[in-house]
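**Q**
Structure below.
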């Protein structure tokens, strides 16, 4: 009787190990698919702009500190990162029936500007309205300045993150330049390698093998 139980235990152990290996293969495939999907989805926007880090620095420092409460995070680049996640990554994950963890840096809740962006009302071509106080502006950048000066206290600085920090992995510059007449065509292999490594690191943390 004990011999039969031992054989059954060994059989169950082999089955469990097979399941673990299968989960590891699935998560490895998912990580690779996420990086490849983002790259392919955004590659149509421009041809060959891989130098995102040096080029990105110019954008990140556009807004210098004017007030003591100002957050050092590019709203423009964070908006681009949020759009990429919303329009490319999330539909892909839904299609794969994968629920992203709330601890993942790519989760929408980690956008420090998310609540403010959701309180933008685009009434007409030259009319933007603040969802908090209903004040009207003729351009989005003026509404952004209004948020920075009047509603900065609504930023979730304690728990949210700067999505602009993820731009190297998300190819934000391709998104930002998609409607621009100026296209940066120089390819920087070193920057491309760093961005690819960063994307893989994000995928490893968001789609762990143990999950």
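In my numbering, the protein residues as written are 32 to 242. From the three backbone atoms N, C-alpha and C, an ideal C-beta is built for every residue, glycine too.
#1: Can you tell me which of the three DSSP states residue 196 falls into?
#2: Tell me the rounded alpha-carbon separation between residue 224 and residue 167.
#3: Can you pull the DSSP bridge partners for residue 227?
#4: At the level of alpha carbons, what is the spacing between residue 182 and residue 197?
#5: Contact defined as beta carbons within less than 8 Å: I believe residue 113 pairs with residue 140. What is the distance between those atoms, to the nearest angstrom?
#6: Rounded C-beta distance between residue 115 and residue 206? I'm assuming under 8 Å.
#7: Straight-line CA distance for residue 169 to residue 108?
#8: Kindly indicate which residue of 231, 204 and 229 has the alpha-carbon position closest to the one of residue 218.
#9: Are the CB atoms of residue 186 and residue 102 nearer to each other than 9 Å?
#10: Nearest to residue 161 by CA position, among 145, 178 and 189, is which residue?
#11: With a cut-off of 8 Å on the beta carbons, I'd call residue 163 and residue 199 a contact; round off their distance for me.
#12: Residue 159 and residue 165: beta carbons closer than 9 Å?
#13: Hey, which unbroken runs of the beta strand (DSSP E) at 3 residues or more fall wholly within the region 156-190?
#14: Quick one: give me the first and last residue of the alpha helix (DSSP H) that residue 203 is part of.
#15: Is the separation between the beta-carbon of residue 104 and that of residue 222 shorter than 9 Å?
#16: Buried or exposed, going by whether 16 or more other CB atoms sit within 10 Å of the CB of residue 126?
#17: Have a look at residue 111 and residue 129 and give me their C-alpha separation to the nearest angstrom.
**A** For this structure:
#1: Three-state DSSP puts residue 196 in a helix.
#2: Whole-angstrom Cα-Cα distance: 44 Å.
#3: Its beta-bridge partners do not exist; DSSP assigns none.
#4: Taking the Cα positions, residue 182 is about 25 Å away from residue 197.
#5: No, residue 113 and residue 140 are not in contact; Cβ-Cβ is about 11 Å, not under 8 Å.
#6: With 8 Å as the limit, residue 115 and residue 206 qualify as a contact, their Cβ atoms being about 6 Å apart.
#7: Their Cα atoms are separated by approximately 21 Å.
#8: Of the listed residues, the one whose Cα sits closest to residue 218 is 204.
#9: Contact: yes.
#10: The option with the nearest alpha carbon to residue 161 is 178.
#11: No, residue 163 and residue 199 are not in contact; Cβ-Cβ is about 32 Å, not under 8 Å.
#12: Between residue 159 and residue 165, the C-beta spacing is not below 9 Å.
#13: Counting whole runs of 3 or more residues, the region 156-190 contains the beta strand (DSSP E) stretches 158-161.
#14: For residue 203, the uninterrupted alpha helix (DSSP H) run begins and ends at 203-207, by DSSP.
#15: Not a contact, by the Cβ cut-off of 9 Å.
#16: Taking all protein chains in view, the Cβ of residue 126 is surrounded by fewer than 16 other Cβ atoms within 10 Å, so the residue is classified as exposed.
#17: Residue 111 and residue 129: Cα-Cα distance of roughly 23 Å.
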